[in-house]
Structure formats: C-alpha cells, structure tokens
Amino acid sequence: MRERGRVAKAVLAGVLVVLYAPLVFLVVASVNKNPSSTDWQGFTTQWYRKAFDDVSLRRSVGVSIRLAVLASLGAVVVGTVAAIAARRSRLLGRVNGLFATVRVATPEIIIATGLAAMLPVVGFAFGFRPMLVAHVAYLSAYVLLIVGARAAGSDKNLEEAALDLGASKWQVLRDIVLPDLRPAIISSALLAFAFSFDDVALSLALRGPNDTTVPIYIFSAVQRSVTPSIHAVGALIIAVGVAIFAVATLVHRAIVRTT
Amino acid sequence: MQPISRRSLFAMAAVATPLAFLAACGDDKKEGASGSTPGDTNAGGSTPGAGALTGTVNFLNFTGWAGPTTYADFAAAFPGATVNEIAFASNDDTISKAKDRAGDIDVVLVDGTTFPRLTALGVLAEMGDVPNMSLVADQYKGNSWDPTNASFAPTDHGRTGIIYRKDLVTTPPTSWAEFFEMAPDYSGKVAMLDYQGSVMDNVLVMLGKPVGSTDEADLAAVLDVLTTVKPHLLAISTEVGKAVAAGDAVMAMCDAYDAQLALTTNPDVVFVDPSEGQVGYLEGLAILDGPRNALASAFVNFFLEQANYAAFINNVASPYVQPDNPDIDAALKASPVINPSADVVAKLSYHVFLGEDQPKFDAVWDAFKAA
Amino acid sequence: MTNRGNRPHDATRMKLGPLVVPDWLLVVIVCLVPVGYMVTRSFGRANPITLDIELTGTLDPYRTLLSGIYRPVLVRSLGLAAITVTMCLLIGTPAALALSRLSGRSRTLALVAVMLPSFVSFTVRVFAWQGVLATGGPVESLTGAQLLYRPPAVLLGMITAYVPLFILPAYVALARVPRSLIEAGADLGARHWRQLGTIVLPLAMPGVVTGAVVVGVLSLGEFIVPTVLGGGKVLLLGNILAERGAGRDQPLGGAITVFMLLSFAAGGVVVAIFRRRAARHA
C-alpha cells in the first residue's frame, strides 16, 4: 500500500514545482534591484512604488474592476435564470448544455475576432459596452454549467409540496429554488469575476482607445523590452489571484455552513 | 435556510440594473472624445462655406506627433477654430476611416503607401493656399505619388538603418550585406523591425533589385534572405531600439527616430546608414474632401510655418524636411541620424503603394512570419 | 390527496421556459452570429486598394492555409497542440491519480495547490516564464539552452498553462472510481499496474478524455503564449486571428475559424465515443 503510487506522487510534486517555480522567480525578481538579471543585486521596493505611481496602470485597474463587476453580475443573472428555466425540461437543458459547451470549449479568439470584424459593419463603436456585452454573453456559459449542475440535483419534492400548499411560482422561486442554488450562484459569480478580470481575447478585440484592462496592459508591456516595474505588477497580480481564491474559499465555506 | 426576501431581491435588481447602465453609459463621453463623433462646432443649421476659417479640424495623427502647443497655438491664431486629434492606429485603420467617414476627418498623416490608396478611393481634396510649402526642401517634394504636391504636404521622413552596440560587436557592420552575413555570428541577439516595408525594401536594395519589385524571382530572393536569417533573430518587434540599448540584442534593423532614442539612452549604440542605400518613408499631411477644406488647408499651412514646424521637430526628434529652418535645435541638426548627409539622402528612396500587386509583396512578409 | 403519480408533469406548474431567452439571445447574437460571419468571409478576398472583403466564392484562403504560405502555421499549431495534449496526459494523469489517492487534509491542500495558479492571471503566469527562460536566467545557467523566443519556450509555456485545466477533470473522473472497486481488485490479488489498467483507467477514461480534448481544442486557439514567449517569431493560428483576423485578413481568419470549429466537432465526436464505450462497459 505504501510502495505503489510513489511514481504518481513524484509526478504530482513535479507538476507543482513547475507550476510555482516561475511565479516564485517573478516575485523574487520584483524586489531585486535589477529584475532583469539573475544576480541578486539587493532588495528594493522601488518597483512597487513605480507600479503604484503608474497612472495608466491605475486606470486599467479601474477599467478591469468595473468590467469584471458588471460582467459577473450580468452573467450570473442571465445564466442563473436560464439554468432555472431548464431544470425540468430535458430539451431546454440540452440546448443550454450545447450552447454552454460551444462557448467554453472553443477558443475565445474566434468569437472575439468575429465580433471585431462585425462591429464596424453593424455600426457600433469599439469600447466598454461591446466589451461588457461580450463578457456577459461568454461568461454566462460558466454560470449555466455551475448553477445548472446544482439545479439538476435539486430536490423536486420540496417544490412540489409548496405548490400543493398553494404557493405561487414566484414564492417557490424566491423561497426554495434560489436559496438552494445560492452556493452555486455565488461560486459562479466569483468565477465569472475572475475570468472577466483575466480575459484577454475579448477585451483586446473590442476595446476602445481608453479601455485598457490589466491583462492587456501586461500583455502589451511584456511584448516590449521589459520595463523593470512589470515584475512588481506581476507579483501584485499574483497576490490578487491568491486573494480572490481565498475569498472564494471562505465564502464557499460560509455558505455551506448556513445551508 | 435563509429565504431571500422578495424585497431584498427586487431591491438588488433595482439597484443593479441602473447601476449597470449608468456605469456602462458613463464612458460614452470618453468614446465621443476619442473621435467617434466629429466635433463640428458649427453644427446647427448653416454649414460654413468653404471659405470660413472656424470650426474643428479633425486630425488623424500619431498621438503627440506634433509640437507641444501646436494645437493650442492654432486655436489662438484662428479664433473659433480648434483641433481634435484622432489617434492613428494603423495604415489599414486609416484607410477604412477615410473610406467610411470622409467628411468627419479633415487632415490625415499619410505616407507613400497610404496616399495612393486614398487617391484611388477618391477622397482627397486639393489643398488650397499653402505658402509655407516653399519652406520644404525640393528633394522632399515632387514624389511619385503626388508630383505637383497638390494634395500632399511633406512633414517628416525616416529611414531604416542598422544599429549596433560598439562594445558588443567585434567588426561593425557597414552595409546590409554585412548585417545579414554577421547575423549567424550573433545568433539570438539580432533584432528585426516588425514592419514589412522597411525590411523587405531594404533587402531588395541589398540585392540590387528595384525597390518595391514584385517580380517573382526578386521576391523569392527576398524571402530566401529573410527565412535564412530568421533562426538567428532574437525577435521581430517594434522595440528594437530599446532591445539594443538594453543589450538584449547587439544589432538590429532600426528606424532613424528609434535609433536616435536608443543613442540618447546608451552612448554605446551606433547608427549606420548602410552603404548600398536605404529605403524609408516620407510622411506628410493630406486633406480629405469635406466641408472644412479651407480650414484644413489653413491648418496644414500653420503646421509648416517656421516656428511651429521647428517646435514639432524639436519635440519628436525626427528627421525633418525643412533643412534651412533656423529654429530647429542645433543638437538635432548636428546629429547624422536626424540630419543625414547629402550622399545618404541621394541613396534614399521611399516606400510606395504597389497597387494591385501589393498582395504579392505582402505574401512574402506573411510567409516569412509564418515560417 | 390525489395520487401524485397522476399529476401532470410539474414542468407545466413551474413554467419558466421563457427565462432562457436572455441567455439564448446573447449566445446567438454575440457568439454564434459573429462566428458565422467569419465563416462567410472565408470565401472572399480583400480588395488590395479599398480593403473591402469581396465574397467571390473563392477557396483561396483555405488553399493558403492547407498548402500555401500558412501551411507551416497550421502544422505548427497542430503539432504544438498535439504535444501539449500528450504531455498533459502523460504528466497530468499520474498527478491526478496521486491526487485522487490522497485523503482528508492532504487532499484538500494538494487540490488547493493545483487550483491556485489558475486564479493567477494567465498572462502573468506565461510572462513569469520569460524570466526563467531568458538569457542569463536559471534555465540557461543550468543547461546552457537558450529557449526563450523559440518554439520550445512556447511549448513549455503551453504545457504549464494547460496542465491544471487537464488535471481537474481528470482528478474528478479518477476520484469517482469507487474505492471499493479498487480494494476488491487488491483483495483478488490483482497487481497494482493491472488494477490501474483494467479497473481504474477504463472507468475514468471518459473524464480523462474530455479533459484532453478540451485542452487540445483550446490550445489550437492559443495566442498569448506564442506572443509572450515567441518573440514574434512563432506564428500560430491564434496569432493570425488575434492580430489580423478582423481586418484585411478576414478571409484567412474565416478559414481558420472553420478549422477550429471542425476541430471542436471532431473533439466532441471523440468524447462521445468514449462516453458510449464507457456506458457499454458499465
């Protein structure tokens, strides 16, 4: 029982090393006096100061947050509602599933490019609104999958009983269905937020001149000869990712405890 | 189990929806300012006649490619007029904007590759009175795409050359041939400009073929040179000057203004005008036909005026077209990068649009990138 | 009380069908129509002067993709995707297996460790490899290999980017195999590897295959990794779409879109086959 699985465990450890090593390297570089060299040249926080002073970076953080908040709200509403509608109908569920799979399992870039090509033809301007609409349309797929999975497993008997006792559709929705789905709704909201924040393809294709998001900022910065503060920016983003994950875990635990 | 009260549900929806729209709408003003609407201050009834010198000049230009106060000075000199700069995104974008919105854009920054396409589209207007055209040296006028300068007012030029780090290279390259020969010796440390015209036309010069040739054999030779050098390239990018200044690359094909920037960052960077000759670009202003032709011409004339032009060149540090302008910084005049000698200029030619054959030319660059 | 079994299907009581409309509308208008638009553009060419796309019914874009200038790009994309999937399977399956065998706190910790990088921005994760692979970096100092801005760097970036995406569904599939079955196999004397091969893997196959297919299809459209780690020298299908597919290169972009849709369909077929086989064996 002890001997077997050693290979698999080693591989798992190796995977973790390979996943984390570059991130660690980045964080270490961010406090190096010369982040581009591999020699340690002394500890400094100047790159973090430069990152905080960077106006365009601050602006892109604002854009990203606004976009992610609105997009995840919209995606959660649209996706949850569609998941609820399909609970009892196999046909609706199948179509939902197909639509969701098409969005999730095809490269985002074909949607992004198609939208960018069509936008001038239909007369819309590039900018925040097309980005938002595209994000909502894309991310609702994830909400659908997560909430839909939970909705499929829900207990119909409670609803049946309530309806028998004279409750209206809306009461059942509000008092039984939605609370039951709450953990899934909240986790899908957090996921949608994270994905929206991190999105490059759709944002890059549809943005206007003033709509740089954080990933786009980093994406264009790293294509040029690297400015030293980009490592600090990267390290901060890592921290943000960890924070979102921590929040998600805590929220998840809190929800699970109350249900 | 905590039921969500109906009140809180509706409250949430009520708050979220207008919040969403408000937030999303809040950006419309910014979208407008970035040029999706013309800022014609004469809207509301009477269109100004072609002779009125008020209104807004919509100027499609590289961001900041002007003097620091040019636009403000123009507004001061022509009361009732303002300048709205629309950010240049790419040549293709310029063409599509000119096509769809001629009338919304008054002045465009063009070069030999975009001007002929605008001519073919029929969106250009002849410039009115531009007396300051006489300040532009003759060698920059009378180009193939507008021999009489009826619609094209040259403003700046550039050329591609070689930059290298004199401290990191054993024998300095003095010609294109040497550049390509030496590439394998510095494999992984050679950078190439990500601009097909600059690269391909100069390879044609090196091979002794006509610039802009679309002859199959010539193009095959160019592709051969490029694919041979590709494995040795550090990167194909627009930031070659920075790469060489930082030492990531030891030599690169680089544009003059980018080289100038690198020189000032790192004194070990040297810019060379290759001996076989060079191809570059000649940029200038053109007017799109619309309701403000007279105002647009006045702006072009203003731009070329001695003091304003000098402010522009001193600001962007680009090679210039008014060699006798006394207000241009002495430092720029003394730099062989910004102020090339007569023999360099004699061996200089400019990129042009190749008409229906352009796709053949583009195909070579695409094949190089795809390889 | 009436017999509940005779009640009409409760779908009619909670008739909420129309609620799918917002999502469906968005999907059709924002996702399907633009993709369809690109497909139509693939049968055209760009006018050299006006850059308008003229739909002439030509198959040239497909020709340049399959046998012309862009064939190397197609081959490279397919090759990188194939290697990425293979490596994910080779590395990710054992890792997922190890995960599924852990229990309690160590399993939770390990799951967190595997999932956490996915919450870090993709672009930053890829960029982090720039520092590791650069000249003067640890990889070069240890092995002397200059990997950055070459296909190996892109490959490395892709594998590490997609491995977590594979491990999670693979782990879920492997974890579902009932412990009792594994233990029964052990009781009956089956050796470890035989157990794996005849019990665990076949049962987990559909999930593992799904993970592999998803990685494969998505990696065909990858453009961030080759841009950040390829230095402009490694051109993949995703780059063409991202950089030029919306402008004058719409015909080529359309052909690439069609190719990706076909891969998605092919992937769906593969997943369906494995699901059916697993259902038959169950």
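Protein chains in written order, with this note's numbering: chain H, 305 to 563; chain R, 348 to 718; chain F, 6 to 287.
In this text, a Cβ means the ideal position worked out from N, Cα and C, and glycines have one as well.
Along the chain, where does the alpha helix (DSSP H) that runs through residue i open and close?
i: residue 640/R; result: 640 to 651
i: residue 216/F; result: 206 to 225
i: residue 408/R; result: It is not in any alpha helix (DSSP H) - residue 408/R instead sits in the beta strand (DSSP E) that spans 402 to 408.
i: residue 40/F; result: 38 to 46
i: residue 31/F; result: 26 to 31
i: residue 417/R; result: 417 to 424
i: residue 331/H; result: 310 to 334
i: residue 145/F; result: 143 to 148
i: residue 137/F; result: 127 to 138
i: residue 415/H; result: 412 to 426
i: residue 442/H; result: 432 to 456
i: residue 360/H; result: 359 to 389
i: residue 71/F; result: 65 to 71
How would you write the range of the beta strand (DSSP E) that residue i sits in, first residue to last?
i: residue 97/F; result: No beta strand (DSSP E) holds residue 97/F; DSSP gives it neither H nor E.
i: residue 500/H; result: It is not in any beta strand (DSSP E) - residue 500/H instead sits in the alpha helix (DSSP H) that spans 482 to 502.
i: residue 240/F; result: Where residue 240/F is concerned, there is no enclosing beta strand (DSSP E), given that its DSSP letter is neither H nor E.
i: residue 431/R; result: 428 to 434
i: residue 51/F; result: 49 to 51
i: residue 58/F; result: 58 to 60
Would you identify the three-state DSSP class for residue i, choosing helix, strand or coil?
i: residue 705/R; result: helix
i: residue 632/R; result: strand
i: residue 398/R; result: Interpretation of residue 398/R is limited by its pLDDT of 49, a score under 50 that renders its predicted location unreliable; the figure taken from the coordinates is listed afterwards. Residue 398/R falls in the coil class under three-state DSSP.
i: residue 23/F; result: helix
i: residue 487/R; result: helix
i: residue 297/F; result: Given that chain F is displayed from residue 6 to residue 287, the structure contains no residue 297/F and the question cannot be resolved.
i: residue 472/R; result: strand
i: residue 118/F; result: helix
i: residue 532/H; result: coil
i: residue 526/H; result: coil
i: residue 376/R; result: Legend: pLDDT at residue 376/R = 35, less than 50; position of this residue unreliable, value from coordinates given subsequently. Reduced to three states, the DSSP call for residue 376/R is helix.
i: residue 389/R; result: Note that residue 389/R scores 37 on pLDDT, short of 50, meaning its location in the model is unreliable and no value can be drawn from it.
i: residue 571/R; result: helix
From the options, pick the residue whose C-alpha is nearest to that of residue i; which is it?
i: residue 469/R; options: 54/F, 267/F and 237/F; result: 54/F
i: residue 443/R; options: 623/R, 499/R and 461/R; result: 461/R
i: residue 406/R; options: 563/R, 554/R, 574/R and 631/R; result: 631/R
i: residue 405/H; options: 269/F, 73/F, 279/F and 285/F; result: 269/F
i: residue 436/R; options: 260/F, 283/F and 252/F; result: 252/F
i: residue 464/R; options: 129/F, 212/F, 56/F and 49/F; result: 56/F
i: residue 568/R; options: 467/R, 422/R, 536/R and 708/R; result: 708/R
i: residue 329/H; options: 557/H, 535/H, 549/H and 541/H; result: 535/H
i: residue 388/H; options: 539/H, 360/H, 557/H and 474/H; result: 474/H
i: residue 257/F; options: 71/F, 276/F, 217/F and 274/F; result: 71/F
i: residue 663/R; options: 400/R, 411/R and 451/R; result: 411/R
i: residue 579/R; options: 614/R, 686/R and 538/R; result: 538/R
i: residue 414/R; options: 660/R, 634/R and 693/R; result: 660/R
i: residue 245/F; options: 37/F, 28/F, 108/F and 77/F; result: 77/F
i: residue 411/H; options: 224/F, 142/F and 183/F; result: 224/F
i: residue 161/F; options: 146/F, 181/F, 134/F and 206/F; result: 134/F
i: residue 127/F; options: 137/F, 88/F and 165/F; result: 165/F
i: residue 104/F; options: 558/H, 509/H, 311/H and 525/H; result: 311/H
i: residue 561/R; options: 422/R, 434/R, 548/R and 572/R; result: 548/R
i: residue 432/R; options: 617/R, 424/R, 456/R and 440/R; result: 456/R
i: residue 489/H; options: 351/H, 451/H and 437/H; result: 451/H
i: residue 370/H; options: 540/H, 447/H, 518/H and 454/H; result: 518/H
i: residue 100/F; options: 539/H, 537/H, 309/H and 515/H; result: 309/H
Next item on the list: Could you tell me which uninterrupted alpha helix (DSSP H) segments, each at least 4 residues in length, are contained entirely in the region 578 to 616 of chain R, listed from first to last along the chain?
Entry: 587 to 593 and 603 to 612
Within the region 512 to 561 of chain R, note down every full alpha helix (DSSP H) run reaching 4 residues or more, in order along the chain.
523 to 529 and 543 to 553
Notebook entry, point to check: What residues in the region 74 to 90 of chain F bring their beta carbon closer than 7 Å to a beta carbon of chain R?
Noted result: Answer in chain order: 74, 75, 77 and 78.
Q) Which residues, in chain order, does the region 162 to 193 of chain F contribute to contact with chain H at a C-beta distance below 8 Å? A) 165, 168, 169 and 172
*asked:* Counting only Cβ-Cβ distances shorter than 9 Å, please list the residues of the region 455 to 472 of chain R near chain F, keeping chain order.
replied: 463, 464, 467 and 468
Which residues, in order along the region 489 to 506 of chain H, keep a beta-carbon less than 8 Å from a beta-carbon of chain F? 498, 501, 502, 504 and 505
* Asked: Going along the chain, which residues of the region 247 to 274 of chain F sit with their C-beta nearer than 7 Å to a C-beta in chain R?
  -> Listed by position along the chain: 252 and 253.
### Message
Which residues of the region 571 to 599 of chain R have a Cβ closer than 7 Å to any Cβ of chain F? Give them in chain order.
### Response
Residues of the region 571 to 599 of chain R with a Cβ closer than 7 Å to any Cβ of chain F, in chain order: 577, 580, 581, 582, 583 and 584.
Quick one: which residues of the region 398 to 421 of chain H get their C-beta closer than 9 Å to a C-beta of chain F? List them in chain order. 399, 400, 403, 404, 405, 406, 407, 408, 409, 410, 411, 412, 413, 414, 415, 416, 417, 418, 419, 420 and 421
task: Scan the region 531 to 555 of chain R for residues whose Cβ lies nearer than 8 Å to a Cβ of chain F and list them as they occur along the chain.
output: 535 and 541
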